[in-house]
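Enquirer:
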Amino acid sequence: MLTDLMTKVKLPKLPRGVFAGTEFEGRQHSPLDRILGEFDRALRTLAAPALGTRSNPARGLPEADLDAQARQHTARLMRINHTGEICAQALYQGQALTARISANREALRGASAEEVDHLAWCEARIGELGGRTSFLNPLWYAGSLALGVAAGLAGDRWSLAFLKETERQVEGHLAGHLALIPAADQRTRAIVEQMKKDEAGHAELAQRLGAAEFSSSLKWAMRLSSKLMTRSVYWV
């Protein structure tokens, strides 16, 4: 009887994206919708396995015969890269929330999707090396989200300037890692090299969209914050 009743009742079709932060079908976001969507985005970034859309650059490459010390060191370097991608997700999220120009907002979403690929690749490689992700990820995510919102509120040109300088510094940071990763570790190197290429592309995108140029003092402050992150995450 209950089954018969349920088959006769037509339940309303829920709009797609309520908990994924995507556009609703047939109506605009309400403030509550956006809050739920962004909260879900944060949970998925911090707690759920990342699902990339591109093939892992390490696919098909042989595993290097690394000693225990080299594996641990490389896993910690990849942990730093993973936390950097966590920060990138939060930064893009905050900037997209406050971007005034829709084209810029869509560009930020597209770049964010590539950063999800980076997250997935880093997670996979950390696992292969017997490492773990950082316990500090929620802290760095929250700080980066706040910075992204603040940058967006300053205006699109300054938001893009923050993005451009961040990506340039990340590109340099990845180049430094390539100098530390053993030459025999083709799998890790392939991932980091592709990430470096993507970050350079994101910086160029921000420039094309009209990014302003930060002062040397602001760039120095950003480098200082980056050093704090890398040194803490290497150990924790």
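If you want the numbering used here, it's the 1-based position in the sequence shown plus 207.
Heads up, the beta-carbon is just placed ideally off N, CA and C, and yes, glycines get one too.
All figures in this text were calculated on a predicted structure; none of them were measured in a lab.
1) Would you report the Cα separation of Asp-272 and Ala-391, rounded to the nearest angstrom?
2) Need the endpoints of the alpha helix (DSSP H) that Ala-454 sits in, please.
3) Pull up the distance between the alpha-carbon of Ala-410 and that of Lys-371, whole angstroms please.
4) How do the stretch 360 to 376 and the stretch 259 to 274 stand: do at least 3 beta-carbon pairs fall below 8 Å, yes or no?
5) Which same chain residues, not among the five before or five after Arg-307, have their C-beta less than 6 Å away from its C-beta?
6) In whole angstroms, what separates the C-alpha of Glu-400 from that of Ser-424?
7) Count the other C-beta atoms from every protein chain shown that fall within 10 angstroms of the C-beta of Asp-274, then say buried if there are 16 or more, exposed otherwise.
8) Taking the continuous alpha helix (DSSP H) assigned at Asn-263, which residues delimit it?
9) Determine the burial state of Ser-319: buried for a count of at least 16 other Cβ atoms within 10 Å of its Cβ, exposed for fewer.
10) What alpha helix (DSSP H) runs, 4 residues minimum, are completely inside the stretch 314 to 374?
Expert: According to the data block:
1) Between Asp-272 and Ala-391, the C-alpha separation is close to 8 Å.
2) This structure leaves residue 454 out entirely; the chain is present only between 208 and 443.
3) Going by the C-alpha atoms only, they are around 4 Å apart.
4) Note that the stretch 360 to 376 does not touch the stretch 259 to 274; fewer than 3 beta-carbon pairs, one per stretch, sit closer than 8 Å.
5) Hits under 6 Å: Asp-363.
6) Their Cα atoms are separated by approximately 29 Å.
7) Asp-274 should be labelled exposed.
8) The continuous stretches of alpha helix (DSSP H) do not include Asn-263, and DSSP gives it neither H nor E.
9) Burial call: buried.
10) DSSP runs (the alpha helix (DSSP H)) wholly in the stretch 314 to 374: 344 to 360.
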